[in-house]
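Take a look at the structure set out below.
In this note's numbering, the protein residues as written are 70 to 368.
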């Protein structure tokens, strides 16, 4: 089987169209289409159903795609291992974590790592969904829940608690709560249901809704946001009171911590990577960097 044609087929299957695959491969749409037609002729089977809205894999195409995808995965792992054979860590490092943790905790610290290891090409992917590390959708993950995928190595990094915050402008207008019961008279900003199972996995997200109340009778929020950074911005604007991880308070003179005796259950943070990258120098130096920054944050 012609490897170049198989490479183009994989790109088309990933992109869902000849045009988008051509853009990724730096080929014209017609060149991509000719290569796919030639591959189909050599195999004697159709690989795609062609529709006005795009391409859909046939049953035979799906089978070939799964095989080609696995080949690409193995080649990617081999490339990573060959890269790590050099003395100094270098090459791509794709890090995935949540929007809030990545935006507020990780990105302000990443410059030091990149200055120390300029040969490592860092990308940060901020999403709530768990990317498939085994299929190299990312190289490493910093997760707020234990990994559910098999064959992943995990290291516990830290425990996070959410505290209660408001802006000084909000407190000037609405007064300072003196007890948990006082929250009944205040505007609460919380997570929305749109985060899927996040609130079930991380009980600290919405603990303000029931703190000091019957769980069957939660407070009604003034606003729901499916993103911790969005909650932070809403609290900062003076809209209401919200529960935020303590690291949001670092260096912020605009947030006021209220009811210091009230804290959420802990959320555990894990550093996760595939078993195949156990010997990766890039992974090792980034893991050590994270551990050091966590220790520094406790001082």
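We treat Cβ as the ideally placed atom computed from N, Cα and C, and that holds for glycine. Just so you know, these numbers come straight off a predicted model, no measurement behind them.
query: Measuring only the C-alpha atoms, how far is residue 267 from residue 140?; result: The predicted model places residue 267 with a pLDDT of 49, which falls under 50 and marks its position as unreliable; any figure quoted below should be read in that light. Using only the alpha carbons, I get a separation of about 33 Å.
query: Mapping DSSP to helix, strand and coil, what is residue 335?; result: coil
query: Can the beta-carbon of residue 290 be found less than 7 Å from the beta-carbon of residue 259?; result: yes
query: In three-state DSSP terms, what is residue 106?; result: helix
query: So what's residue 292 in DSSP terms, helix, strand or just coil?; result: strand
query: Roughly how many whole angstroms lie between the Cα atoms of residue 347 and residue 355?; result: 12 Å
query: Does the Cβ-Cβ distance between residue 312 and residue 231 come in under 7 Å?; result: yes
query: So, with DSSP's three-state summary, where would you put residue 190?; result: strand
query: Taking the alpha-carbon of residue 329 as reference, which of 179, 233, 98, 92 has the nearest alpha-carbon?; result: 233
query: Beta-carbon within less than 7 Å of residue 174's beta-carbon, same chain only, minus the 5 sequence neighbours each way: which residues are those?; result: 316
query: Within 10 Å of its beta-carbon, does residue 113 have 16 or more other beta-carbons around it, so buried, or fewer, so exposed?; result: exposed
query: To the nearest angstrom, report how far apart residue 75 and residue 144 are at their CA atoms.; result: 14 Å
query: Compare the Cα-Cα distances from residue 220 to each of 342, 99, 361, 117 and report the closest residue.; result: 342
query: If you count every other CB in all the chains shown that lies within 10 Å of the CB of residue 95, and 16 or more means buried, which is it?; result: exposed
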